[in-house]
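Just below is one structure, and these are the notes that go with it.
2 protein chains.
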Amino acid sequence: MNGEDNLLKLVEAEEPEEHDYLLQEQVGFILRKAHQRHVSIFAAHIGDLTPPQFAALAKLRDVGETSQNQLGTLIAMDAATVKGVIDRLKARGLVELSRHEVDKRRLLVNLTAEGRDAIERLIPLAREITRETLAPLSAKEIATFTKLLAKLA
Amino acid sequence: MNGEDNLLKLVEAEEPEEHDYLLQEQVGFILRKAHQRHVSIFAAHIGDLTPPQFAALAKLRDVGETSQNQLGTLIAMDAATVKGVIDRLKARGLVELSRHEVDKRRLLVNLTAEGRDAIERLIPLAREITRETLAPLSAKEIATFTKLLAKLA
DNA sequence: TTGATATCATTTGCATACGAATGAATTTCC
DNA sequence: GGAAATTCATTCGTATGCAAATGATATCAA
Numbered sequence: 001m002n003g004e005d006n007l008l009k010l011v012e013a014e015e016p017e018e019h020d021y022l023l024q025e026q027v028g029f030i031l032r033k034a035h036q037r038h039v040s041i042f043a044a045h046i047g048d049l050t051p052p053q054f055a056a057l058a059k060l061r062d063v064g065e066t067s068q069n070q071l072g073t074l075i076a077m078d079a080a081t082v083k084g085v086i087d088r089l090k091a092r093g094l095v096e097l098s099r100h101e102v103d104k105r106r107l108l109v110n111l112t113a114e115g116r117d118a119i120e121r122l123i124p125l126a127r128e129i130t131r132e133t134l135a136p137l138s139a140k141e142i143a144t145f146t147k148l149l150a151k152l153a
Numbered sequence: 001m002n003g004e005d006n007l008l009k010l011v012e013a014e015e016p017e018e019h020d021y022l023l024q025e026q027v028g029f030i031l032r033k034a035h036q037r038h039v040s041i042f043a044a045h046i047g048d049l050t051p052p053q054f055a056a057l058a059k060l061r062d063v064g065e066t067s068q069n070q071l072g073t074l075i076a077m078d079a080a081t082v083k084g085v086i087d088r089l090k091a092r093g094l095v096e097l098s099r100h101e102v103d104k105r106r107l108l109v110n111l112t113a114e115g116r117d118a119i120e121r122l123i124p125l126a127r128e129i130t131r132e133t134l135a136p137l138s139a140k141e142i143a144t145f146t147k148l149l150a151k152l153a
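Chains A and B supply the protein sequences, listed in that same order. Going by the UniProt record's numbering, 29 is the number at position 29 of the first sequence; the sequence numbering is gapless. Going by the UniProt record's numbering, 41 is the number at position 41 of the second sequence; the sequence numbering is gapless.
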């Protein structure tokens, strides 16, 4: 009997059914790791802005002035989270806030000139971040993966 | 030709379509949303434990007693993060801590009886969480997606 | 019109997540 | 043997992320 047989016997003897939950195969666990890796790649390219901060600027570039809550909806952040992100962008002079004339509940957010410059300058880096994040996959795999991931999100 | 010209040429040559950067198509943004959705599904099934806490218990069940740092490596958490997770599990009586006899730097972590009961009880729910997270995909798509996601993580 | 509801924003509390600095113990290597 | 480097853990600071409670304003409906 060789080493492989011994290993097989050990594994078989362990637990017939109970041990077949493998954390490292669960989609949630892998999703968390993939996200961590992406954030790490992001930080390596854009050190002075976080992905959520970048998302806020990029979306403001797309849609122009919006309310804080609406912006949160567009970038998948709840009201409490988006407030913190916008506060920090405002402190750095990248966005400016104003009250809606008619509906006085709404807090309007817009890019400053500096914020617009920043996001235009960062977008090429963001393209590279996407490229590097997907680098382990072939072009065909990227297409497949992106489609399926979008279905899950 | 000077350096500035080179830089300009590179930037111009890079991507013809500089304007259509769509945040909602970037893998990092979708990854973040997919992760959010998973965490939400998790919370709906297991309300009194977070995914990282569950991961710690599940991994301790697999490997038995380990050092805090080693456990962190196994579940992809840095030292600072794993400390918080373990502290909270300890406060709830699900894990117990002890000092390594020989290497006095190491803090050993192990399941308590209560912790073992908890993780055994939760694993069926975790299977359901995985199933529900992947529900938008067909069986074939699940196989493809999991394989590609693992490559990215 | 006014009372009930809904929406927008803020605040608080808790839980990751990670970089950086620190201290304690161990290992490496000359 | 002993200095230097490494490893393990802790602490601090900053930044998401979300639930729940609150306040202000707006809308709906009786």
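Each residue gets a CB set at the ideal place from its N, CA and C atoms; glycine is no exception. On a predicted model such as this, the values are computed, not experimentally measured, just so you know.
* To do: Give the residues of chain A in contact with residue 36 of chain B, contact being defined as C-beta atoms less than 7 Å apart.
  => Translated into positions along the second sequence, residue 36 of chain B becomes position 36. Ordered by position in chain A, the residues that pass the 7 Å Cβ test against residue 36 of chain B are 76.
* Step through the CB atoms of chain A and report whether any lies within less than 7 Å of the CB of residue 135 of chain B. => Position 135 of the second sequence, counted from the start, is the residue given in the question as residue 135 of chain B. Output row for residue 135 of chain B: interface = no.
* Is residue 73 of chain B near the ligand NAD, going by C-beta to nearest heavy atom under 6 Å? -> In terms of ligand content, the structure shown is empty, and the ligand NAD therefore cannot be addressed.
* To do: Indicate whether at least one CB of chain A lies closer than 7 Å to the CB of residue 3 of chain B.
  => The residue you call residue 3 of chain B lines up with position 3 of the second sequence. Residue confidence is low: residue 3 of chain B scores 41 on pLDDT, short of 50, so the model does not pin down where it sits. No coordinate-derived value is stated.
* Asked: From residue 2 of chain A to residue 128 of chain B, what does the alpha carbon distance come to, in whole angstroms?
  -> By 1-based counting over the first sequence, the position of residue 2 of chain A is 2. By 1-based counting over the second sequence, the position of residue 128 of chain B is 128. Residue confidence for residue 2 of chain A is low, a pLDDT of 45 falling below 50, so the modelled location carries little weight; the figure read from the coordinates is stated next. Roughly 39 Å between the two C-alpha positions.
* Whole angstroms is fine: what's the gap from residue 18 of chain B's alpha carbon to residue 124 of chain A's? => In the second sequence, the residue the question calls residue 18 of chain B occupies position 18. In the first sequence, the residue the question calls residue 124 of chain A occupies position 124. Any answer about residue 18 of chain B is weak, because its pLDDT of 48 lies below 50 and its placement is not dependable; what the coordinates show is given next. If I take the Cα positions, the gap works out to 8 Å.
* Proximity below 7 Å, CB of residue 27 of chain B to CB of residue 144 of chain A -> Here the question's residue 27 of chain B lines up with position 27 in the second sequence. Here the question's residue 144 of chain A lines up with position 144 in the first sequence. Not a contact, by the Cβ cut-off of 7 Å.
* If you check the beta carbons only, do residue 108 of chain B and residue 98 of chain B fall under 7 Å apart? -> Taking the second sequence and counting its residues from 1, one reaches residue 108 of chain B at position 108. Taking the second sequence and counting its residues from 1, one reaches residue 98 of chain B at position 98. Yes, the Cβ-Cβ distance between residue 108 of chain B and residue 98 of chain B is below 7 Å.
* **Per-residue DSSP class, three states only, for residue 22 of chain A** => Position 22 of the first sequence, counting from 1, holds the residue named residue 22 of chain A. The answer is coil: DSSP assigns residue 22 of chain A none of H, G, I, E or B.
* To do: Closer than 8 Å by C-beta to residue 150 of chain A: which residues in its own chain qualify, once you throw out the five before and the five after it? Chain order, please.
  => Here the question's residue 150 of chain A lines up with position 150 in the first sequence. Once the five neighbours on either side are set aside, residue 150 of chain A has no close Cβ partner at all.
* Under the three-state reduction of DSSP, which class applies to residue 66 of chain A: helix, strand or coil? -> As a position in the first sequence, residue 66 of chain A is number 66, starting the count at 1. Residue state, collapsed to three classes: strand.
* Inter-residue Cα distance where the pair is residue 56 of chain A and residue 84 of chain B -> Position 56 of the first sequence, counting from 1, holds the residue named residue 56 of chain A. Position 84 of the second sequence, counting from 1, holds the residue named residue 84 of chain B. Near 29 Å, if we compare the C-alpha coordinates of residue 84 of chain B and residue 56 of chain A.
* Asked: Within 7 Å (strictly less), CB to CB, does residue 68 of chain A reach chain B?
  -> Position 68 of the first sequence, counting from 1, holds the residue named residue 68 of chain A. Answer no: the Cβ-Cβ gap between residue 68 of chain A and chain B never drops below 7 Å.
* To do: Would you mind giving the Cβ-Cβ distance between residue 60 of chain A and residue 110 of chain A, rounded to the nearest angstrom? I have them listed as a contact below 8 Å.
  => Taking the first sequence and counting its residues from 1, the one referred to as residue 60 of chain A is at position 60. Taking the first sequence and counting its residues from 1, the one referred to as residue 110 of chain A is at position 110. Indeed, because the Cβ distance is near 7 Å, the residues count as touching under 8 Å.
* Asked: Taking 7 Å as the CB-CB limit, is residue 93 of chain B close to chain A?
  -> For the purposes of this step, residue 93 of chain B is identified with residue 93 of the second sequence, where counting begins at 1. Answer no: the Cβ-Cβ gap between residue 93 of chain B and chain A never drops below 7 Å.
* **Exposure of residue 79 of chain A, with buried meaning 16 or more beta-carbon neighbours within 10 Å** => Reading the first sequence from its first residue, position 79 is the one you call residue 79 of chain A. The residue is exposed, with fewer than 16 neighbouring Cβ atoms inside 10 Å.
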